[in-house]
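Written below as structure tokens is the structure these notes are about.
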Amino acid sequence: MQKSIEVKKITKKYKLYKNTKERFLDLLSPKSYGEDFYALRNVSFDVEKGDILGLIGTNGSGKSTLSNILAGIVPETSGEIKTYGQVSLIAVASGLKGDLTGRDNIELKLLMLGFDKHQIAELEPEIIEFSELEKFIDQPVKSYSSGMKSRLGFAISVNIDPDILIIDEALSVGDRAFAEKSFNKMLEFKKKGKTMVFVSHSLGQMRKFCEKILWLEFGTVREYGPVNEVLDHYEQYLKDWKKMSKQKREAYKKKVIKNNIIEQEEGVSK
Amino acid sequence: MKSVINVIKEQIQYFYLIRRLSLYELKSKNKNNYLGMVWEIITPSIQVMIYWFVFGTLLRREPIIVGEEEVPFIFWLIPAFFLWTFFYQSTIQGSKSIYSRLRMLSKMNFPMSVIPSYVIFSQLYIHFVVLGITVGLFQLAGYYVNIYYLQIPYFLFATIILVFAISLITSTLSTIIRDIHMLLSSTLRMFLYISGVLWPISRLEDFPTILEIMKLNPVYYVVSGYRAALFGSEWYFITQWQYTLIFWAIVIVLLFIGATIHVRFRRHFIDYL
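Read top to bottom, the protein sequences are chains A and B.
Residues in the first sequence are numbered consecutively from 2, following our numbering.
Residues in the second sequence are numbered consecutively from 101, following our numbering.
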């Protein structure tokens, strides 16, 4: 099978500063200031062409960071990542310019993605139709509702025909009918053998759609495997998690992170 | 040096994109005003009037000489001030171009060095319009189109490269430390007064050292060149060849610094937001 995404030992470190003074000192002096925060630690996995991968995990487990790294928006701190083909990320807060009309935004976005005049003229009506914005298409985007914005963003990203599509909870906005339509479009993609990465909290959608699941826990891979197997474990985990008290949760989190660091260090020394 | 060549290559390769994006830039900026882009011309015109009033009427001054003849203050002021406006606006906009657009532009298929250039370019359209108006006014006043006009494209080009070099530096630094942008806007305000835009720096004849230092200012060079062209007094970049060399030396140094830090940091810009 052909590889579509290869991720090797990706780590993403953010710095948390207490105040601007720390931030400034860290920038100028060779000494390190501020607290290190690992959004992702030592994450490795491969995705084959045509796979549909679901990303799950509790809030703050690094799902969005990972999808941003896959899309090439955020650089990784260390590790190696390879993506084959054009990657398109759909997120709720997709980059639209509020002062411009929907139509201008489509043109601008396509232009920035490297399409020429003729291709833009060709794609534009398709996108407008798919977005169902009708007469609102010539209104400034800042007057749109959040559902309309995400419809426009989704319509653009889907119609440019990317090789890898990353969907970051974008389908949770918008009404049922549009979600249905989007799903159909994604099934179409599936048939074409495109790779998709799907980030969602809706396990039902995941079961219906995904083939493989990557479960992230506090920035590391907890499990990676076939959809039903991982989701069953995850559901059990969520139940246990709900029952835990706050102190227990903290203790558990510390333990997991500590284990991961030990594992990582052993891996390095080997 | 490699980064400089890289950055210049990117500009040439993506020139079509720079042109198209600059139009959208202009469009989105003036969408909310009824008069739209006309404001881009009204604002500097009002400013010219104010400076004319203050420096030309209220303050007593000696006559202004360009080449060999005396010229009215307002005509001496206009071309220089409009070129200054282009320089000022595009440097300011260029400096904040990256951090203010990064979130929106984050996923794209073009290099980041294109961002300051298309912002500069959108200002250039406005400058073309005011330059046209200036030339018209000069005809009415009896300073007719002459062979020295051929210098205008040269000085405009020189200004664009200067602004681009400065913007590469400031857009990188102000993305990392936002205060740099504040520092830049106050510095530029000061430069308006010391670049020979509002008053002839030859007034400082009694202090030759200061005068010499002020003449090294690249803004003074392009501003004087513009005047020489419109009044048809001399081939400024040839008669003042020493300053031409100094100007380009400064621009190359700025471009070198700008390209180096831009290329070094551009991958991590998003982390600084």
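We put the beta carbon where it would ideally sit given N, CA and C, even for glycine.
Note that this is a predicted model, so its numbers are computed, not measured.
For A265 of chain B against L355 of chain B, the beta-carbon gap comes to about 4 Å, under 8 Å, which counts as contact.
The Cβ atoms of L217 of chain A and R208 of chain A lie no closer than 8 Å to each other. In the pairwise beta carbon analysis, the region 209-224 of chain B is classified as touching the region 102-114 of chain B: at least three pairs are separated by under 8 Å. Contact note: V75 of chain A reaches chain B through I370, using a C-beta cutoff of 7 Å and chain order. With respect to I165 of chain B, F173 of chain B sits apart: the two C-beta atoms are not nearer than 8 Å. Counting C-beta pairs closer than 8 Å gives three or more between the region 94-112 of chain A and the region 132-144 of chain A, which meets the contact rule. Under the DSSP assignment, Y134 of chain B falls outside any beta strand (DSSP E); it carries neither an H nor an E label.
For L112 of chain A, a Cβ of chain B is located within less than 8 Å of the residue's own Cβ.
Residue contact check for G96 of chain A against chain B: a CB pair falls below 8 Å. Along the region 165-195 of chain A, there is no position whose C-beta sits under 8 Å from a C-beta of chain B.
Note on geometry: alpha-carbon atoms of W299 of chain B and Y293 of chain B lie some 8 Å from one another. Rounded to whole angstroms, Y254 of chain B and Y244 of chain B show a C-alpha spacing of 19 Å. In the pairwise beta carbon analysis, the region 264-278 of chain B is classified as touching the region 192-205 of chain B: at least three pairs are separated by under 8 Å.
K118 of chain A has no beta-bridge partner at all, per DSSP. From the listed residues A:F155, A:V198 and A:K192, the smallest Cα separation to A180 of chain A is found for A:F155. Taking a C-beta distance under 8 Å as the contact criterion, E49 of chain A and Q3 of chain A qualify as a contact pair. Per the DSSP secondary-structure output, P141 of chain A pairs in a beta bridge with A:T102.
No residue range can be given for F369 of chain B, since it is assigned to no alpha helix (DSSP H) and is classified by DSSP as neither H nor E. By the rule that beta-carbons nearer than 8 Å mark a contact, D105 of chain A touches chain B. Counting C-beta pairs with one atom in each stretch, the region 114-133 of chain A and the region 55-69 of chain A have fewer than three that are closer than 8 Å, which means they do not touch. For the pair of segments examined, the region 183-198 of chain A was found to touch the region 50-58 of chain A: the number of CB pairs separated by less than 8 Å reaches three. By the C-beta criterion, the region 4-21 of chain A is judged not to be in contact with the region 156-163 of chain A, since fewer than 3 inter-stretch pairs fall below 8 Å. Restricting attention to A:D117, A:M113, A:N106 and A:L114, the CA atom closest to the CA of R152 of chain A is found in A:N106. In this structure, the CA atom of K243 of chain A is about 13 Å from the CA atom of N60 of chain A.
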